[in-house]
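Before any comments, here is the structure.
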Amino acid sequence: MTENLVSAARLAAAIFESGLKSPAEWEARFPVRGLPEGAMVTRFAPSPTGFLTLGNLLTAFVDRLLANTSGGVFFLRLEDTDKKRETGDGVSGIVNDMAAFGLAIDEGVTGFGTERGAYGPYTQSHRREIYHTYAKALVEQGLAYPCFCSADDLDKLRNEQEQAGVNKGYYGQWTKCRNLSLDEQLAHLKSGEPYTLRLRSPGDASRKIFVNDLVRGKLELPEYDMDVVLLKADGIPTYHFAHAVDDHLMRVTHVIRGDEWLASLPLHAQLFYLLGFKPPKYAHIAPMMKLDAETGGKRKLSKRKDPEAAVGALVRAGYPNAALHEYLVTLLNSSFEDWRRANPDAPLAKFPFSLKKMQPSGALFDLQKLEDVSKTVISRMTAEQVYAQALAWANAFDPDLASLLSNDPAYSIAMLSIDRGNKKPRKDIARWGQLRELYSYFYDELFEPRLVSAPEILQAYLEVYDPNDDKDAWFAKIKSICEPLGYCPDVKTYKADPDTWKGHVSDVSGAIRMAVTGRENTPDLWAVMRVIGEARVRGRMEEAM
RNA sequence: GGCCCGGUGGUCAAGCGGUUAAGACUCCGCCCUUUCACGGCGGCAUCACGGGUUCGAGUCCCGUCCGGGUCACCA
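Numbering-wise, the first sequence is residues 5 to 549 according to this note's numbering.
The following block contains the structure:
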């Protein structure tokens, strides 16, 4: 036994550079966080490959929610251990998308090459020394060994296994490098051939382990028995090893990730155990899905195929963050809709979000539902809030609209106040990008005049029009011009005997609406006319005749 | 193929052995309404299938089928 340990120490010394810190030193440098009981530490750990979709953001959103509701910490870590996929600055896109989406981080990566927080570095490529410390410790305990198999060797191995109809992988009898003698290992090392560092797994696939997942509950899975690669030939860790080391040292309590990681849970459990770490709690959440137009089936939301689901595209379209957030919570916990109805004005953070209430299978990204949620969210805003947010959006994406809006703020706010602030607010705006189209007639620059087929209506109305009329007087006048022109002032009367009339009040007000706004569909006409003012009303009506 | 996870209306879903199987979105009717909306009411489910267990089963068990994931020096 001691003999073995001595060998292991010699092997470790031959593999690793000298002067490495000890695990204890890292432990001391990243102490357990002094957070109150129950506070959750969560992290979002994407690989830096550019922008994010709503689906990607789903896990980050859960992370943020959990940290918020528990008084914990949420940070951003970069998993840039795959140098083959490196694409320059893949960081800024992610940071920008998160910021645009309204997801703040407490610590971690803040931009290309910048970060803040006491548990860094938060970029894996800068943590090499730390990984090597722990890798060395594993080697010293005989729990890891260098593997000199080349990519070709491994291909051959897989072929053999395929032929034999047996599970593929580096395990059991197939582990060529596992039982090399120290002298053989040293000789290989000395020759300078590339090698990886593999785990000497004590697992036995015929045994079961029980792991707990916060979404799915208790899971029975086979023990992990593969000698996975811990350190690649370039000395950079694989995801699995980095996950264990980082989440332990960064004192993460809850790992929220896509359910594609479920299968590696036994490996991770083993890694934490062998490293002597307390494992975090896990929640594997299903990815957001999309109905595939070609196959007709569900498939994971993809950056490439679903550009409309990219965070940048959603923000550009003008969905308010609050709407995006509410939509996501609706997807996460369906009980949210009931809660929201009961607490229309409560902040989202007050919602008792529960991982257990999440559906284990993937939900479809539903743009219509998003639109509806967004309309409701916006309908509950005050005119001032709508103005501020719409203007901020327009400043970024539609400068012409921005100048129209800000030209006369009081006017714009008056426009946005129509049918708003009452118990049944109008639900017309789903995204700021619709504002230009929806409210165009309030601005002469955007107004598109339309000819009205019944000019006599306009003529008659112009004679009685008084901009100072209150709503009842206004409405009475509309009715008063109906009959002389052959229109029925009362809808029910009209319906009882439609043939004796040319139409009813709806046609009369419709003609006026068309002349004044160029639309068939607008908010309350009386209010619209008050806002745009007498001059415009008269001018447009005359023009429409 | 091995292992794992799922399967309640077009969509998101409640439900956890006894319910007329909630609710939301979409769609379609109707009602309310000066218009446009909002809102209200109604319609839209053989709970994947087949066997059990039970007085009784979306709800528990087994099998089948279907969907997804995973088996990399990618994450």
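We put the CB at the ideal spot given by N, CA and C, even for glycine. Please read these numbers as outputs of a predicted model, since none were measured by experiment.
Helix, strand or coil: which one does DSSP assign to residue i?
i	result
residue 67	helix
residue 41	coil
residue 98	helix
residue 471	coil
residue 230	strand
residue 135	helix
residue 292	coil
residue 107	coil
residue 521	helix
residue 399	helix
residue 394	helix
residue 217	strand
residue 48	strand
residue 116	coil
residue 352	helix
residue 19	helix
residue 245	helix
Would residue i be called buried (16 or more neighbouring beta carbons within 10 Å of its own) or exposed?
i	result
residue 203	buried
residue 504	exposed
residue 118	exposed
residue 214	exposed
residue 111	buried
residue 345	exposed
residue 439	buried
residue 368	exposed
residue 170	exposed
residue 163	exposed
residue 470	exposed
residue 416	buried
residue 251	buried
Skipping 5 residues on each side, what residues in its chain have a beta carbon closer than 7 Å to that of residue i?
i	result
residue 261	63 and 288
residue 361	337 and 339
residue 18	190 and 193
residue 320	401
residue 115	95, 96 and 99
residue 490	505 and 506
residue 186	11, 14 and 15
Figure out for me which residue from the options has the closest Cα to the Cα of residue i.
i	options	result
residue 309	140, 321, 295 and 322	295
residue 207	184, 278 and 187	278
residue 132	95, 440, 399 and 24	24
residue 26	129, 53 and 140	140
residue 472	500, 531, 429 and 451	531
residue 145	233, 280 and 265	280
residue 459	524, 512 and 381	512
residue 521	443, 480 and 477	443
residue 269	222, 548 and 306	222
residue 436	272, 383, 355 and 306	383
residue 428	154, 342 and 381	381
residue 173	107, 230 and 376	230
residue 425	413, 389 and 240	389
residue 271	501, 243, 330 and 468	243
For residue i versus residue j, is the C-beta distance shorter than 7 Å?
i	j	result
residue 378	residue 434	yes
residue 316	residue 55	yes
residue 456	residue 519	yes
residue 83	residue 51	yes
residue 527	residue 430	yes
residue 143	residue 234	no
residue 2	residue 227	Only positions 5 to 549 of the chain appear in this structure, which leaves residue 2 out of reach.
residue 74	residue 102	no
residue 34	residue 123	yes
residue 284	residue 256	yes
residue 353	residue 8	no
residue 199	residue 152	yes
residue 357	residue 69	yes
residue 81	residue 126	yes
Excluding sequence positions up to five away, which residues of its chain have a Cβ less than 8 Å from the Cβ of residue i?
i	result
residue 466	542, 545 and 546
residue 516	461, 462, 465, 482, 529 and 545
residue 488	464
residue 12	143, 144, 145 and 146
residue 422	430, 527, 528, 531, 532 and 535
residue 53	89, 91 and 94
residue 205	175, 228, 229, 230, 231, 232 and 274
For residue i, collect the residues of the same chain with a Cβ closer than 6 Å to its Cβ; drop the 5 residues on either side in sequence, then sort them by chain order.
i	result
residue 408	447
residue 302	293
residue 67	46, 48, 78 and 260
residue 59	291, 292 and 305
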